[in-house]
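These notes are about the structure you will find just below.
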Amino acid sequence: MRAFIQKFIGFSVGPLVGAFLSFITIPVTTYFISPDEYGKASMFMLFQIIFATFLFLGVDQAYTREYHAAENKLNLFQNALLLPLILALFTLLLTLALPAEVSRLLFGSTGDLIPAVLFGVMIIFMVIERFILLSIRMQEKALEYSLLNIFVKFAVLVLTLFFVFFIRRDFLAVVYSAVFGQILGDMYLLLRYRSLFNLKHFSLDTGLLKGMIAFGLPIVVATSLSSLLNSLDRLSLRTWSNFYQIGIFTATLKIAAALSIVQTSFTSFWVPTAYRWYAEGKNIRYFKIVSDSILLGMSVLAAGILIFKDLIVLLLSPGYADSRYIIGFLCLQPIIYTVSETTCLGIVFSKKSYLSIWVGLIALVPNILINVLLVPKFGATGAAMATSISYVFFFVARTVFSGANGMRFPVLKHHAVFLILIAGAFLNLLRIRGMFVVNIALLVVIIGIQYTTMKQIWILFRERSALELEKS
Numbered sequence: 036m037r038a039f040i041q042k043f044i045g046f047s048v049g050p051l052v053g054a055f056l057s058f059i060t061i062p063v064t065t066y067f068i069s070p071d072e073y074g075k076a077s078m079f080m081l082f083q084i085i086f087a088t089f090l091f092l093g094v095d096q097a098y099t100r101e102y103h104a105a106e107n108k109l110n111l112f113q114n115a116l117l118l119p120l121i122l123a124l125f126t127l128l129l130t131l132a133l134p135a136e137v138s139r140l141l142f143g144s145t146g147d148l149i150p151a152v153l154f155g156v157m158i159i160f161m162v163i164e165r166f167i168l169l170s171i172r173m174q175e176k177a178l179e180y181s182l183l184n185i186f187v188k189f190a191v192l193v194l195t196l197f198f199v200f201f202i203r204r205d206f207l208a209v210v211y212s213a214v215f216g217q218i219l220g221d222m223y224l225l226l227r228y229r230s231l232f233n234l235k236h237f238s239l240d241t242g243l244l245k246g247m248i249a250f251g252l253p254i255v256v257a258t259s260l261s262s263l264l265n266s267l268d269r270l271s272l273r274t275w276s277n278f279y280q281i282g283i284f285t286a287t288l289k290i291a292a293a294l295s296i297v298q299t300s301f302t303s304f305w306v307p308t309a310y311r312w313y314a315e316g317k318n319i320r321y322f323k324i325v326s327d328s329i330l331l332g333m334s335v336l337a338a339g340i341l342i343f344k345d346l347i348v349l350l351l352s353p354g355y356a357d358s359r360y361i362i363g364f365l366c367l368q369p370i371i372y373t374v375s376e377t378t379c380l381g382i383v384f385s386k387k388s389y390l391s392i393w394v395g396l397i398a399l400v401p402n403i404l405i406n407v408l409l410v411p412k413f414g415a416t417g418a419a420m421a422t423s424i425s426y427v428f429f430f431v432a433r434t435v436f437s438g439a440n441g442m443r444f445p446v447l448k449h450h451a452v453f454l455i456l457i458a459g460a461f462l463n464l465l466r467i468r469g470m471f472v473v474n475i476a477l478l479v480v481i482i483g484i485q486y487t488t489m490k491q492i493w494i495l496f497r498e499r500s501a502l503e504l505e506k507s
């Protein structure tokens, strides 16, 4: 158990420190760069994520599945990297052949040719970095994995400071610092792990490649739906609104990402624990206790962000003041997703992974409809509403499918808390005095609804303390 906790802490260091460095980068960036320019930079980052979803073809997931069974892990690594790298090189050739079109897609103009080509360059480095880090992770080198993640984030922060202070203060400062920071970090990775690219004993294993692609393609469908669900808000803003609204939305999303730290750390810990409990035949009430507890923690954090939203928005700059009105909606996505990780286990345990595709589709339909209806008129506010409401559908679908496959427990409390948080998000759209008091009242209601959860946690804590006292 101690070794497990140490590994969990080791893998959590990277996301935590990385998030902290990103959090420092946000006010630096938004202070010097207008929302319009920040919106352009965010499209560069968004399309990277979208492209990566398709380029990997699910082979990265297949690599982790095959890792422990493979006798020749170096040959497995090189075979797994082959196809995504070829697709990444094709993307680079496309940006070299059509830089003006890529520039128009990313930035709304045909003149930014250099950053358009750099988009293709960065895609290649992203693919290489992904597989190197997966190799480190599969070797369970927790601290090294975290330190390498931190190094890349630190390089981006330093270069951001350098660009905005000494070179330029537009969207290209963000793009160049992200690209060159990523390349700098990845060059170190390539140097440090150059042995992974020793092709002396490489042999193309077509059977292995076919197997990995067969395993990965269904994952690509589910991942693509998830990626689209998380990207449609900004794509809708790009289509029906302007770069100012994209900038406001993205900056607010970065603040709400503080909750994603909890999401990442909890998921890393919870998934293997849930598998072990299931194998041990643990009573379902233990799964419910975890679900109720994470709901309590995440909802209180969200209420805290609403209470102190004016102070948090001060981290940005006066030009981003509108962020305070949509932060309530954008906090809901990491909360609902994290809680759904505790209510979707029936899908995982039954091995009916195709149900994840249906979950994605069920969430995507309201997302598209709300974006189409609200974004042209309300901009970032409409996009934020679409994201939060679609994640409620996501939660319901996951929970219902899980319950139908043997993991059913009461979630009335979950729905009540989500309803209160959505109501709070709508209230925070109002530009009225006394919103601080309203948000305090919101926190009180959330805690009141979950009084039984707090009582249950206290009883468990006392029982455990008494048991440890008896043993001593």
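For reference, each letter of the sequence shown is one residue, going 36 to 507 in the numbering used here.
Here a beta-carbon is modelled for each residue, glycine too, at the ideal position from N, C-alpha and C.
*Indicate the three-state DSSP secondary structure (helix, strand or coil) for Met442 in the structure shown.*
Taking the first residue of the sequence shown as position 1, residue 442 is located at position 407. Residue state, collapsed to three classes: coil.
*Which residues in the same chain as Trp275 place their Cβ atom closer than 7 Å to its Cβ, once the five residues preceding and following it in sequence are excluded?*
The residue labelled residue 275 in the question sits at position 240 within the sequence shown. Excluding residues within five positions, the ones whose Cβ falls inside 7 Å are Val410, Pro411.
*asked:* By the DSSP assignment, the alpha helix (DSSP H) with Ile202 in it spans what residues?
replied: Taking the sequence shown and counting its residues from 1, the one referred to as residue 202 is at position 167. Careful: Ile202 lies outside any alpha helix (DSSP H) and carries neither H nor E.
*Between which two residues does the alpha helix (DSSP H) carrying Pro369 extend?*
As a working note, residue 369 is residue 334 in the sequence shown. First-last of the alpha helix (DSSP H) with Pro369: 367-378.
*If you drop the 5 nearest sequence neighbours on each side, which residues of the same chain put their C-beta closer than 8 Å to that of Phe112?*
Along the sequence shown, read from residue 1 onward, the residue named residue 112 stands at position 77. Same-chain partners within the cutoff: Tyr98, Phe166, Ser170, Leu231.
*Look at Ile158 and Thr126 and say whether their C-beta atoms are less than 8 Å apart.*
Position 123 of the sequence shown, counting from 1, holds the residue named residue 158. Position 91 of the sequence shown, counting from 1, holds the residue named residue 126. Yes. Within cutoff.
*asked:* Judging by CA-CA distance, which residue of Trp493, Ile494, Ile254, Ala421 is the nearest neighbour of Leu408?
replied: For the purposes of this step, residue 408 is taken as the residue at position 373 of the sequence shown. It is Ala421.
*asked:* Using CA atoms only, rank isn't needed, just tell me which of Ile342, Gly441, Leu244, Ser375 is closest to Leu118.
replied: Counted from its first residue, the sequence shown places residue 118 at position 83. The shortest Cα separation from Leu118 among Ile342, Gly441, Leu244, Ser375 belongs to Leu244.
*Would you kindly work out how many angstroms separate the C-alpha atoms of Phe39 and Leu192, rounded to a whole number?*
Residue mapping note: residue 39 aligns to position 4 of the sequence shown, counting from 1. Residue mapping note: residue 192 aligns to position 157 of the sequence shown, counting from 1. Bear in mind that the predicted position of Phe39 carries a pLDDT of just 46, short of 50, making it too unreliable to give a figure here.
*Just mark Ala458 as buried or exposed, buried being the case when its beta carbon has 16 or more other beta carbons within 10 Å.*
Here residue 458 refers to the residue found at position 423 of the sequence shown. Classification of Ala458: exposed, given that the 10 Å Cβ count is below 16.
*Which word fits Ile347, buried or exposed, when buried means at least 16 other C-beta atoms lie within 10 angstroms of its C-beta?*
In the sequence shown, counting from the first residue as 1, residue 347 sits at position 312. Buried, since its Cβ has 16 or more Cβ neighbours within 10 Å.
*Thr195 to Gly441 span [Cα, whole Å]*: Position 160 of the sequence shown, counting from 1, holds the residue named residue 195. Position 406 of the sequence shown, counting from 1, holds the residue named residue 441. Looking at the two C-alpha atoms, the distance is approximately 50 Å.
_Contact set for Ile484: own chain, Cβ-Cβ below 8 Å, skip 5 residues either direction_ = Here the question's residue 484 lines up with position 449 in the sequence shown. The answer, listed in chain order, is Lys448, Ala451, Val452, Ile455.
*Does the beta-carbon of Gly242 have 16 or more other beta-carbons within 10 angstroms, so that it is buried, or is it exposed?*
Taking the first residue of the sequence shown as 1, we reach residue 242 at position 207. Its Cβ having fewer than 16 others within 10 Å, Gly242 is exposed.
_Exposure label - Tyr486; buried when at least 16 CB within 10 Å_ = Against the sequence shown, residue 486 aligns to sequence position 451. Flag for Tyr486 reads exposed.
*asked:* For the region 129-141 against the region 275-288, do three or more pairs of beta-carbon atoms, one drawn from each stretch, fall closer than 8 Å, so that the two count as touching?
replied: no
*Taking the C-alpha atoms as reference points, what is the distance between Arg37 and Ile371?*
Position 2 of the sequence shown, counting from 1, holds the residue named residue 37. Position 336 of the sequence shown, counting from 1, holds the residue named residue 371. Residue confidence is low: Arg37 scores 49 on pLDDT, short of 50, so the model does not pin down where it sits. No coordinate-derived value is stated.
*Cα separation between Val394 and Val199?*
For this step, residue 394 is matched to residue 359 along the sequence shown. For this step, residue 199 is matched to residue 164 along the sequence shown. So the alpha carbons of these two residues sit roughly 42 Å apart.
*Excluding sequence positions up to five away, which residues of its chain have a Cβ less than 6 Å from the Cβ of Leu288?*
Counting from 1 along the sequence shown, the entry for residue 288 is found at position 253. Correct list, in chain order: Leu365.
*Cut-off 8 Å between Cβ atoms - residues of its own chain near Lys323, not counting five sequence neighbours on either side*: The count along the sequence shown starts at 1 and reaches residue 323 at position 288. Contacts found: Phe444, Pro445.
*asked:* Please tell me whether Met78 and Leu141 are closer than 8 Å, where the distance is taken between their beta carbons.
replied: Taking the first residue of the sequence shown as 1, we reach residue 78 at position 43. Taking the first residue of the sequence shown as 1, we reach residue 141 at position 106. Yes, the pair counts as a contact, with Cβ atoms nearer than the cut-off.
*Kindly give me the distance between the Cβ atoms of Leu272 and Ala415, rounded to whole angstroms, as I take these residues to be in contact under 8 Å.*
Within the sequence shown, numbered from 1, the residue matching residue 272 stands at position 237. Within the sequence shown, numbered from 1, the residue matching residue 415 stands at position 380. About 7 Å separates the two Cβ atoms, so the contact holds.
*How is Asn233 classed by DSSP in three states: helix, strand or coil?*
Your numbering for residue 233 matches position 198 in the sequence shown. Coil.
*Once you ignore the five residues that flank Ala208 on each side, which residues in its own chain have a CB closer than 6 Å to its CB?*
Taking the first residue of the sequence shown as 1, we reach residue 208 at position 173. Cβ within range, chain order: Phe198, Val199.
*Validate contact between the region 462-482 and the region 330-349 using beta carbons, cut 8 Å, 3 pairs*: yes
*Should Asn402 and Phe237 be called a contact, given that it needs their Cβ atoms to be closer than 8 Å?*
The residue labelled residue 402 in the question sits at position 367 within the sequence shown. The residue labelled residue 237 in the question sits at position 202 within the sequence shown. Cβ distance not < 8 Å, so Asn402 and Phe237 don't count as in contact.
*Starting from the C-beta of Ser266, find all residues in its chain whose C-beta is less than 8 Å away, skip the five residues before and the five after it, and write them out in chain order.*
On the sequence shown, residue 266 is found 231 positions in, with the first residue counted as 1. Closer than 8 Å at the Cβ level, and outside the excluded window around Ser266, lie Leu81, Ile84, Ile85.
*Pick helix, strand or coil for Arg37, following the three-state DSSP scheme.*
In the sequence shown, the residue the question calls residue 37 occupies position 2. Here the model assigns Arg37 a pLDDT of 49, short of 50, so the residue's position is not dependable, and the following value carries that caveat. If DSSP states are grouped into helix, strand and coil, Arg37 belongs with the helices.
*Do you know whose CA, among Val52, Phe55, Thr65, Ile59, lies nearest Ala356's CA?*
By 1-based counting over the sequence shown, the position of residue 356 is 321. Minimum Cα distance to Ala356 is reached at Thr65.
*asked:* Which residue marks the beginning of the alpha helix (DSSP H) containing Pro353, and which one marks its end?
replied: In the sequence shown, residue 353 corresponds to position 318, counting from 1. Neither: Pro353 is in no alpha helix (DSSP H) and is coded neither H nor E.
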